[in-house]
Amino acid sequence: MIRRIAITGPESTGKSELATALAKHYHTVWVPEYARAYLNELRRPYEYEDLLKIAKGQVRGEEAQMKNAQGFLFADTELLVLKIWCSVKYGKCHRWIEDGLKKQDYDLYLLTDIDLPWQPDPLREHPDKRKELFDLYLDELKKRNLKFEIVNGFGAQRLANAVKCIEKRFKIDQ
Numbered sequence: 040m041i042r043r044i045a046i047t048g049p050e051s052t053g054k055s056e057l058a059t060a061l062a063k064h065y066h067t068v069w070v071p072e073y074a075r076a077y078l079n080e081l082r083r084p085y086e087y088e089d090l091l092k093i094a095k096g097q098v099r100g101e102e103a104q105m106k107n108a109q110g111f112l113f114a115d116t117e118l119l120v121l122k123i124w125c126s127v128k129y130g131k132c133h134r135w136i137e138d139g140l141k142k143q144d145y146d147l148y149l150l151t152d153i154d155l156p157w158q159p160d161p162l163r164e165h166p167d168k169r170k171e172l173f174d175l176y177l178d179e180l181k182k183r184n185l186k187f188e189i190v191n192g193f194g195a196q197r198l199a200n201a202v203k204c205i206e207k208r209f210k211i212d213q
């Protein structure tokens with residue numbers, strides 16, 4: 040049985056780094072954030088319709104990696120990220136994303152805390168809205184009654200805290 044774990048949260052909270060480190064720790068694979076690759080190839084500012092393409096690409100990437108997973112599959116972002124991104128940027132969200140989010144089936148969500156310093160990046164947009172965005176994620180996870188843990192800490196401690204959350208949730212002895 041493969042346990043699917045979503046790494047979710049606001050931008051610049053270490054989701055990619057954590058997904059990579061967890062996959063290495065558990066000797067499995069992770070699903071990169073499709074948005075980064077998509078936006079880096081885009082030769083214009085992104086638009087509302089691009090977020091639907093990004094969502095579909097993220098889901099395809101996860102489906103492709105499932106066959107390579109061993110024990111766990113870590114997803115660097117998922118449809119909750121796309122829903123919040125759409126809602127904050129455009130005040131609406133694609134029906135496909137909303138419907139997919141209702142069907143999303145992760146065994147655990149790791150919500151990355153905003154305790155890391157902001158890292159400037161041309162693809163990041165909201166250095167001044169980190170708390171507001173974190174609260175949106177927290178509210179959505181609670182409202183949807185999803186299994187989640189908040190992960191904080193710096194460097195190796197952040198990874199150790201995430202591992203502790205996973206081991207507690209799945210009753211794994213180290």
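Throughout the sequence shown, residue numbering follows the numbering used here, covering 40 to 213 in sequence. Idealized CB from N, CA, C, for every residue including glycine. As the structure is a prediction and not an experimental result, all values here were calculated from the model.
task: Measure from the alpha carbon of Trp69 to the alpha carbon of each residue in Glu86, Leu90, Glu117, Glu164, then state which is nearest.
output: Taking the first residue of the sequence shown as 1, we reach residue 69 at position 30. Of the listed residues, the one whose Cα sits closest to Trp69 is Glu117.
message: If distances are taken between C-alpha atoms only, which option among His64, Leu185, Leu198, Met40 comes closest to Thr52?
response: The count along the sequence shown starts at 1 and reaches residue 52 at position 13. Taking only the C-alpha atoms, the option nearest Thr52 is Leu198.
task: For Arg208, I'd like the list of residues in its chain whose CB is within less than 8 angstroms of its CB, leaving aside the five on either flank, ordered along the chain.
output: By 1-based counting over the sequence shown, the position of residue 208 is 169. For Arg208, where only same-chain residues beyond five positions count, the Cβ hits under 8 angstroms are Asp146, Leu147, Lys186, Glu188.
message: For Leu121, tell me which candidate among Asp154, Leu175, Gln158 has the shortest Cα-Cα distance.
response: On the sequence shown, residue 121 is found 82 positions in, with the first residue counted as 1. Looking at the Cα atoms, Leu175 is the closest of the given residues.
task: In angstroms with no decimal places, state the Cα-to-Cα distance between Arg163 and Glu50.
output: Your numbering for residue 163 matches position 124 in the sequence shown. Your numbering for residue 50 matches position 11 in the sequence shown. Cα to Cα, the separation comes out at about 7 angstroms.
query: For Ile153, which residues from the same chain have a beta carbon less than 7 angstroms from its beta carbon, with the 5 sequence-adjacent residues on both sides left out?
result: Within the sequence shown, the letter at position 114 stands for residue 153. Same-chain partners within the cutoff: Pro49, Thr52, Arg169, Lys170, Phe173.
- request: Could you please give the first and the last residue of the uninterrupted beta strand (DSSP E) stretch that includes Arg43?
  value: Start at 1 with the first residue of the sequence shown, and residue 43 comes out as number 4. It spans 42-47 - the beta strand (DSSP E) in which Arg43 sits, taken as one unbroken run.
field: Through-space distance from Ala94 to Ser55, alpha-carbon basis
entry: The sequence position of residue 55 within the sequence shown is 16, counting from 1. The sequence position of residue 94 within the sequence shown is 55, counting from 1. Separation of Ser55 and Ala94 (C-alpha to C-alpha, rounded to the nearest whole angstrom) is 17 angstroms.
- prompt: Is the CB-CB distance between Leu112 and Thr47 below 8 angstroms?
  reply: For the purposes of this step, residue 112 is taken as the residue at position 73 of the sequence shown. For the purposes of this step, residue 47 is taken as the residue at position 8 of the sequence shown. Result no, Cβ atoms of Leu112 and Thr47 do not sit closer than 8 angstroms.
message: Let me make sure I understand the geometry here. Which of Ile123, Tyr129, Lys128, Val127 has the alpha-carbon closest to that of Glu137?
response: Numbered from 1 along the sequence shown, position 98 holds the residue referred to as residue 137. It is Ile123.
- request: Give me the Cβ distance between Gly100 and Thr67, rounded to the nearest whole Å; I'm assuming they're in contact under 8 angstroms.
  value: As a working note, residue 100 is residue 61 in the sequence shown. As a working note, residue 67 is residue 28 in the sequence shown. Going by Cβ atoms, the distance from Gly100 to Thr67 rounds to 15 angstroms, so no, they are not a contact pair.
- prompt: DSSP three-state call for Phe193: helix, strand or coil?
  reply: Within the sequence shown, the letter at position 154 stands for residue 193. Three-state result, Phe193: coil.
message: For a minimum of 4 consecutive residues, which ranges assigned as the alpha helix (DSSP H) are wholly contained in the stretch 87-150?
response: 87-105, 118-129, 134-142
- request: Could you tell me which of His133, Leu61, Glu72 sits nearest to Glu86, measuring between CA atoms?
  value: Residue numbering aside, residue 86 sits at position 47 when the sequence shown is read from its first letter. Nearest C-alpha to Glu86: His133.
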